[in-house]
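Numbering (our numbering), first residue to last: 17 to 150.
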């Protein structure tokens, strides 16, 4: 088991052993990371006006490189504070933008982002969870 933590004040994503509490790894410096999402072997982080990604690290690999997140090339770019992320059952990527009171929907290649038709929402979305139809 692994425990990933978005440490907003320190600007880091940290990886802990949830049984011992031992810190296993810390990421490169990020600008206010607030939300994490793992999809397949990739971990995504929402930080200010960016979504960044990295392969999920293997803490047991002594030859693993430093843990670095790089920005996704979302088209169009997010115009506000990213506060949540989710993939739907078709592979589309949804990004909550708290300061714009909307959720952006991107195609699986992270292009064609459009805001919900009902934007602005009556609240400021801060976490997303997508549950497909059964």
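Ideal placement from N, C-alpha and C gives every residue a C-beta, glycine not left out.
Residue interval of the beta strand (DSSP E) (run including residue i)
i           : result
residue 146 : Per DSSP, residue 146 belongs to no beta strand (DSSP E) and is neither H nor E.
residue 54  : 49 to 55
residue 42  : 39 to 42
residue 18  : Looking at the DSSP string, residue 18 is not in any beta strand (DSSP E), and its letter there is neither H nor E.
Neighbourhood of residue i by C-beta, 6 angstroms cutoff - its chain only, sequence neighbours within 5 removed
i           : result
residue 110 : 102, 119, 121, 144
residue 105 : 148
residue 17  : 34
residue 47  : 63, 64
Cβ shell of residue i (< 7 angstroms), same chain only, five flanking positions each side left out
i          : result
residue 73 : 31, 41, 80, 83
Exposure label - residue i; buried when at least 16 CB within 10 Å
i           : result
residue 146 : exposed
residue 99  : buried
residue 112 : buried
At 4 residues or longer, and completely inside the region 63 to 117: list those alpha helix (DSSP H) runs for me, N to C.
none
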